[in-house]
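Taking it in order: structure first as structure tokens, then the write-up.
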Amino acid sequence: MHPDSSTDPVHLEPIPTEQFRPKRFRKAAKQTAIASCLLVFGTSALGTWKIRSSLPNLNARQATAHVEQSVKIHRDAQGIPTIHAKSRLDAAYALGFAHAQDRFFQMDLLRRVPTGRLAELVGKSAIGADKRFRKHRFASMAEQVYAKVETEQKEILDAYTRGANEGLQRLDDEPFEYQMLQATPEPWKPTDSFLVMITMLCDLQPMDGAPEQALTLLHEKVPQEVFEYLVRRGSRWDAALDETKLPVPAIPGAEIWSLRDSLASSRAPVAMRSANESQPEHSQPELAALDPSQLAWLNWTH
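For what it's worth, numbering that gives the first Met the number 0 labels the leading residue of the sequence shown as 0, then goes sequentially.
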């Protein structure tokens with residue numbers, strides 16, 4: 000600009016905010032806010048519906064071909080079930096049914112732990128735990144145990160398995176945990192019950208051999224007499240590497256109690272043996288036996 004040029008001064012003033020925002024921008028912002036609220040509300044409603052649809056119907060009367068007589072699953076105010084059944088197989092079926100409807104995802108986790116299959120369900124974070132357990136081949140062990148189980152116990156396991164699978168199928172929707180993980184629950188198998196036991200066993204004892212190392216150190220530091228006094232010789236589940244067998248001690252029998260029908264009906268406690276009496280050893284058959292016709296599989300709880 001030349002120094003000798005003469006022009007009127009220019010005044011710059013800020014534009015008010017209301018005039019700077021076009022009307023269509025305000026309209027778009029309003030629509031976006033409404034859409035966001037609807038999305039949040041819709042997602043919450045869908046999640047609530049999904050969770051509710053995966054919960055069991057506790058007041059329904061359902062028909063099944065897997066029980067011999069009617070079975071009732073009664074729940075108290077806290078939701079704790081009590082099973083009323085006329086046979087042990089029917090009770091086992093109802094127990095599996097109630098377990099699956101209440102906690103199948105928990106059952107699934109417990110059976111996956113000893114087989115090293117957690118990562119398949121929850122992702123890479125469980126790979127380390129899977130590696131620690133898979134080397135023990137617990138799945139193969141469960142198969143071997145099931146193959147050796149007596150027929151009567153096998154029937155109970157099979158009845159429980161049928162109940163668990165039908166309980167899962169009777170839900171209106173898959174348990175919500177599977178929906179969150181985008182996974183599908185696998186059917187329950189009889190061997191899975193043994194895997195749950197193995198999980199509980201591993202949970203109750205160290206997996207790094209620390210007790211055995213402590214016993215070895217104790218054996219090296221104290222006299223043999225002291226070691227035998229402090230440490231048990233073993234249990235029925237111990238097995239030596241060289242197959243050395245310990246002598247089996249005599250197993251004391253339990254106190255024998257007997258109630259006649261006429262006395263039992265009065266509900267009066269009648270002790271037929273004194274509490275400090277010596278205990279006989281077990282015999283086959285037992286000295287006193289209970290009439291099987293008096294047994295009824297009632298009030299099974301879990």
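We treat Cβ as the ideally placed atom computed from N, Cα and C, and that holds for glycine.
Tell me whether residue i sits in a helix, a strand or coil according to DSSP, three-state version.
i, result
"Gln293", "Low per-residue confidence applies at Gln293: pLDDT is 37, beneath 50, and the placement is therefore not dependable enough to give any value."
"Pro186", "coil"
"Val230", "coil"
"Gln303", "Past the boundaries of the shown model lies residue 303; the chain is included only from 0 to 301, so the question cannot be answered."
"Gln168", "helix"
"Leu240", "coil"
"Ser69", "coil"
"Pro8", "coil"
"Asp207", "coil"
"Gly162", "helix"
For residue i, which residues of its own chain have a beta-carbon under 6 Å away from its beta-carbon, when the five flanking residues on both sides are left out?
i, result
"Glu176", "Phe104"
"Gly166", "Phe96, Ala99, Gln100"
"Trp187", "Thr160, Ala163, Asn164"
"Pro55", "Gln100"
Among residues of its own chain, excluding the 5 on either side of residue i, which ones have a beta-carbon nearer than 8 Å to its beta-carbon?
i, result
"Val195", "Met106, Leu109, Arg110"
"Phe226", "Leu217, His218"
"Met206", "Arg131"
"Thr114", "Phe132, Arg133, Phe137, Ala138, Leu194"
Kindly list the residues whose CB is nearer than 7 Å to the CB of residue i, restricted to its own chain and excluding five residues on each side of it in sequence; keep chain order.
i, result
"Ala128", "Leu117"
"Val66", "Asp89, Tyr92"
"Asn275", "Reliability fails at Asn275, whose pLDDT of 49 lies under 50, so the model's placement of it is uncertain and the value that follows must be treated cautiously. Nothing listed; no residue qualifies."
"Leu214", "Val230"
"Pro8", "none"
"Cys201", "Pro113"
Run through the DSSP bridge pairs and tell me what residue i is partnered with.
i, result
"Arg74", "Pro80"
Taking 7 Å as the cut-off, decide whether the C-beta atoms of residue i and residue j are in contact.
i, j, result
"Asp157", "Pro189", "yes"
"Gln61", "Lys85", "no"
"Leu240", "Ala182", "no"
For chain C, check one thing: does any of its Cβ atoms lie closer than 7 Å to the Cβ of residue i?
i, result
"Lys134", "Any reference to chain C falls outside this structure, which holds one protein chain only."
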